[in-house]
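All residue numbers for the sequence shown refer to our numbering, where the first residue is 12 and numbers rise by one.
Beta carbons: idealized from backbone N, C-alpha and C, even for Gly.
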Amino acid sequence: MIWEAMNKSLIIKNMKADSYEDVFRQLGGALINEGYVKSSYVNALCAREKAYPTGLDIDGFGVAIPHTDVSHVKQAATAIAVLKNPVTFIQMGSEDEEVSVKLVFMLAVAEPESYMEELQRILSIIQDKSVLNQIAEAEDEEKIIEIIREQV
Numbered sequence: 012m013i014w015e016a017m018n019k020s021l022i023i024k025n026m027k028a029d030s031y032e033d034v035f036r037q038l039g040g041a042l043i044n045e046g047y048v049k050s051s052y053v054n055a056l057c058a059r060e061k062a063y064p065t066g067l068d069i070d071g072f073g074v075a076i077p078h079t080d081v082s083h084v085k086q087a088a089t090a091i092a093v094l095k096n097p098v099t100f101i102q103m104g105s106e107d108e109e110v111s112v113k114l115v116f117m118l119a120v121a122e123p124e125s126y127m128e129e130l131q132r133i134l135s136i137i138q139d140k141s142v143l144n145q146i147a148e149a150e151d152e153e154k155i156i157e158i159i160r161e162q163v
């Protein structure tokens, strides 16, 4: 499961990024450096994001849940970024509706049969704006892990 591998090295607080591609490079880079995904992961994320955007507006709170094909993943994990300044993503299910994203949950799903289960789990977490605010305002990476583990 992607939640079991949560650790501080996969969480970036106050990330400075200029675009979603920049977010993907930084957060995907953490997954690559920790050995969870292949070097092809970031390019695959960028290609998938162009075709199938992952931005979501949850009662005015911008979240993105980028993910890509399991063929780019070695071991299941979740990487999280709390952005210093929002970055523009395209709304999921839209071609041009923009969302200012503050929080990114990057999923590395290793097993095709668990894909939908993991997406549903993350969607259940992000449906609660108060949980999103707690994560965004958490004082450190350990607190973010604690908040998420309480939800899954």
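Restricting to Cα atoms, I'd like to know which of E157, A149 and V163 is closest to K24.
If you number the sequence shown from 1, residue 24 lands on position 13. Nearest option by C-alpha distance: A149.
What span of residues does the beta strand (DSSP E) with K24 cover, start to end?
Translated into positions along the sequence shown, residue 24 becomes position 13. I22 to M26 is the span of the beta strand (DSSP E), which, as asked, contains K24.
Nearest-angstrom Cα distance between M127 and D80?
Walking along the sequence shown from the start, residue 127 turns up at place 116. Walking along the sequence shown from the start, residue 80 turns up at place 69. If I take the Cα positions, the gap works out to 12 Å.
Less than 8 Å between the CB atoms is what I'm expecting for I146 and V93, so what's the real figure, rounded?
Reading the sequence shown from its first residue, position 135 is the one you call residue 146. Reading the sequence shown from its first residue, position 82 is the one you call residue 93. Right, their Cβ atoms sit about 7 Å apart.
Whose CA, out of H78, A41 and Q162, lies closest to the CA of M117?
For the purposes of this step, residue 117 is taken as the residue at position 106 of the sequence shown. That would be H78, whose Cα lies nearest to the Cα of M117.
Please give me, in chain order, every unbroken run of the alpha helix (DSSP H) with length at least 4 that falls completely inside the region 49 to 120.
52 to 62
Just how far apart, CA to CA, sit G73 and L38?
Position 62 of the sequence shown holds residue 73. Position 27 of the sequence shown holds residue 38. Roughly 17 Å separates the two Cα atoms.
Between which residues of its own chain and I158 is the CB-CB distance below 7 Å, once the five residues before and five after are set aside?
On the sequence shown, residue 158 is found 147 positions in, with the first residue counted as 1. Taken in chain order, the residues that qualify are V142, Q145, I146 and A149.
List the endpoints of the continuous alpha helix (DSSP H) containing E152.
The count along the sequence shown starts at 1 and reaches residue 152 at position 141. Segment E152 to Q162, the alpha helix (DSSP H) holding E152.
Measure the Cβ-Cβ separation of V115 and E129 and say whether it is below 9 Å.
Numbered from 1 along the sequence shown, position 104 holds the residue referred to as residue 115. Numbered from 1 along the sequence shown, position 118 holds the residue referred to as residue 129. No, these two residues do not count as a Cβ contact at 9 Å.
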